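Shown next, in structure tokens, is the structure this report addresses.
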Amino acid sequence: MIKWKIFVPAILYLQSSMAMRAFHGACPSNMTAVGDLDMDRFKGKWYTHSIYPHLSLRVEKCQSTDFIEKEENKFSVVARELNTQTGTVKMRKADILNVEPEFGRYVLGTTSTAFPEGVLMYVLDTDYVNFAIRFMCFDASKIFSFHWAVIQTRKRLPSTQVIHMAQYFGKSAGLVIGDMSKVPQESCPYDT
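Counted from 1, the sequence shown has number 10 at position 11 by numbering that gives the first Met the number 0; the numbering is strictly sequential.
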């Protein structure tokens, strides 16, 4: 059980850097991830189609995530988005500390002292070519949980068929598609 004095700053840190939703109850026990995550095929740029929004319901536009292989079997993640207030590109970079392909997950490094061992991220589903669905969940004493989920595509403006397919698999994996917000990807700068 996480102590509240650690848990509250941790959630505030994650809320400021990730979009999360609060749900009643513990993290879902029926979430399934890809059975054999292939990071060589997963690396490259992914554009965010939809995401659980911040508690403020504000969704930044032109979001992308780039999975980069720094050296053999050592990966990092660069996330970019266009700040809607300033019009500038915000960038966050983190190392992937460990990949557990058999469980479809990886551990993302953070600068937060609340998560010194990193954050466990799941790839719920992907075809590596068109879409990817990533998920993370934190329990708060089994009373409520905080979920982060994103549907991403390889193209900034994917076809409706790709979106319907990704949403179908996201719903099958346990995501609440109706709670997700679409990320505006029109008229984006080249560096997002």
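Note that CB positions come from ideal geometry on N, CA and C, so glycine has one too.
Because the structure is a prediction, the values reported are computed rather than measured.
In terms of residues, what are the limits of the alpha helix (DSSP H) holding residue 184?
Residue 184 -> no alpha helix (DSSP H), and no H or E assigned at all.
Go through its chain and collect everything with a Cβ distance to residue 48's Cβ below 6 Å, but skip five positions before and after it.
Beyond the five residues adjoining it in sequence on each side, residue 48 comes within less than 6 Å, by CB distance, of 150, 152 in the same chain, given in chain order.
Would you mind stating whether residue 83 and residue 59 have Cβ atoms separated by less than 8 Å?
Between residue 83 and residue 59, the gap from beta carbon to beta carbon is short of 8 Å.
Would you report the Cα separation of residue 174 and residue 148, rounded to the nearest angstrom?
Looking at the backbone, the Cα of residue 174 and that of residue 148 are separated by about 8 Å.
Answer with buried or exposed for residue 24, where buried requires no fewer than 16 other C-beta atoms within 10 angstroms of its C-beta.
That one is exposed.
Quick check on DSSP: helix, strand or coil for residue 38?
Helix at residue 38.
When DSSP labels each residue in this structure, what does residue 6 get in the three-state scheme?
At residue 6, the pLDDT of 43 sits below 50, so the modelled position is not reliable; the number obtained from the coordinates is stated separately. In the three-state reduction of the DSSP assignment, residue 6 falls in the helix class, which pools H, G and I.
DSSP state of residue 169 mapped onto helix, strand, coil
The DSSP-derived three-state label of residue 169 is helix.
In terms of residues, what are the limits of the beta strand (DSSP E) holding residue 61?
Where residue 61 is concerned, the enclosing beta strand (DSSP E) stretches over 60-70.
Report the CB separation of residue 190 from residue 88 in whole angstroms; it is logged as a contact under 8 Å.
Sure, about 6 Å apart at Cβ, within 8 Å.
Whose C-beta lies closer than 7 Å to the C-beta of residue 109 among residues of the same chain, with five residues either side of it excluded?
Cβ within range, chain order: 93, 117, 118.
Pairing CB atoms from the region 121-137 with CB atoms from the region 159-176, are three or more of them under 8 Å?
Counting Cβ pairs under 8 Å, three or more are found: they touch.
Starting from the Cα of residue 105, find the closest Cα among 177, 41, 183 and give me that residue.
Of 177, 41, 183, the residue nearest in Cα terms is 41.
So, with DSSP's three-state summary, where would you put residue 99?
Residue 99 falls in the strand class under three-state DSSP.
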